Amino acid sequence: MNLNLVLPFFSTIIMAVFVVGVLHRYVARRSAFFLFWGIGLAMFGLGSFAEAYLAVLPFNAFIFFIWYVFGAALNAAWIGQGTVMLLARRPWVRWLTSGLLIAGSLVVIAVWFGMSLDASRAVAGQPVSDWYRNVMPPDAVVRKLTPVFNIYGLLTLAGGAIWSGYLFWRKRVLPNRVVGNVLIALGALLIGSASTLTRFGIGEYLYVGELLAAALMYVGFRQAGAPAPAAARQEAVAQAR
Amino acid sequence: MDDKRRADLEARRASVHMPHTTFYERVVPIVLIGLGVLTVLLIIVAATILLGITPWR
Numbered sequence: 715m716n717l718n719l720v721l722p723f724f725s726t727i728i729m730a731v732f733v734v735g736v737l738h739r740y741v742a743r744r745s746a747f748f749l750f751w752g753i754g755l756a757m758f759g760l761g762s763f764a765e766a767y768l769a770v771l772p773f774n775a776f777i778f779f780i781w782y783v784f785g786a787a788l789n790a791a792w793i794g795q796g797t798v799m800l801l802a803r804r805p806w807v808r809w810l811t812s813g814l815l816i817a818g819s820l821v822v823i824a825v826w827f828g829m830s831l832d833a834s835r836a837v838a839g840q841p842v843s844d845w846y847r848n849v850m851p852p853d854a855v856v857r858k859l860t861p862v863f864n865i866y867g868l869l870t871l872a873g874g875a876i877w878s879g880y881l882f883w884r885k886r887v888l889p890n891r892v893v894g895n896v897l898i899a900l901g902a903l904l905i906g907s908a909s910t911l912t913r914f915g916i917g918e919y920l921y922v923g924e925l926l927a928a929a930l931m932y933v934g935f936r937q938a939g940a941p942a943p944a945a946a947r948q949e950a951v952a953q954a955r
Numbered sequence: 015m016d017d018k019r020r021a022d023l024e025a026r027r028a029s030v031h032m033p034h035t036t037f038y039e040r041v042v043p044i045v046l047i048g049l050g051v052l053t054v055l056l057i058i059v060a061a062t063i064l065l066g067i068t069p070w071r
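Rendered as structure tokens:
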């Protein structure tokens, strides 16, 4: 049995647990960064589910849309936007970047539905990363837009996690947040590297990359969010800023 | 484990301050620099793909 057909199921399970945890925090605290993280992680989970579906069941255009648009194009940018909402001090930066991301995401969706797919090129029983480019037109605009979102996602998610880790390390406080941010950055870089390899026609590492990224980011978020004594934590966060 | 050692461990766990260990003093900064370099390299590769400099499929 091809391991790549099984791995997306595990990624989906991790992401489902992760999304519930993050959205639960959003409901409790109403902080916008939890909402963006939750939506981005839900996109990641939906992408993994679509991957699992397309690997074992016949081609379905809507599932393929979910896999590409949410799983390949948008999720990293939405997760990264959560980090921007957390770290950016100026409200106009948060509003502008959020507005651009939402508008850009709508453009991607509109471009997708203006594109014709060749379903006969889909290969049942093969990982979707092996054949997706054959189903799409050779000059598909959506494939040219994808790197823009992924560069933004990598810069904000990995860059933001490294920056946060550095701030806490510099002040020598909240060691759990340092380790958590290192794991989040590592997860983001893993999935970024695996996606980049797919662009070069090497798609076999995408699924193991996704699974490891999902696991690392989940552990990282849990570590970074682990409770410290409230008064001491506030003092430490204030110091780190 | 005696009471003094247990109290010491609990105090360390409750503290928000980073312990002075080789891990935090040496390993973490190297890892952070490594991750930063990897991020920049990956963004450069992605940018060359975007600009059409690197051929992609």
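Read top to bottom, the protein sequences are chains A and B.
715 is the number of the first residue of the first sequence in this note's numbering; add one for each residue after it.
15 is the number of the first residue of the second sequence in this note's numbering; add one for each residue after it.
Glycine included, each C-beta is placed from N, C-alpha and C at the ideal position.
Remember, it's a predicted structure, so these values are computed and weren't measured experimentally.
Item	Value
C-beta neighbour in chain B for A/Y880, strict 7 Å	yes
Any 3 or more C-beta pairs closer than 8 Å across the stretch 931 to 941 of chain A and the stretch 844 to 855 of chain A	no
Residue(s) in a DSSP beta bridge with B/H31	A/V887
B/T62 and B/T68 closer than 7 Å at C-beta	yes
Proximal residues of chain A, C-beta to C-beta of B/L56 below 7 Å	L868, L903, G906, S907, T910
Assigned secondary structure, A/Q1004 (DSSP; H/G/I helix, E/B strand, else coil)	Because chain A here runs from 715 to 955, residue 1004 of chain A falls outside it and cannot be looked at.
Span separating the alpha-carbon of B/A60 from that of A/I865	7 Å
Where B/T68 sits in the DSSP three-state scheme	coil
Within chain A, partners of B/V51 - CB distance below 9 Å	Going along chain A, no residue has its Cβ under 9 Å from B/V51, so there is no contact; the nearest lies around 10 Å.
Every unbroken alpha helix (DSSP H) within the stretch 737 to 813 of chain A, with a cutoff of 4 residues, ordered by chain	746 to 770, 775 to 779, 789 to 801
Close beta carbons around A/F758, own chain, < 6 Å, minus the five adjacent residues each side	M729, N789
Short CB-CB distance (under 7 Å) between A/G923 and chain B	no
A/F914, DSSP secondary structure in three states	coil
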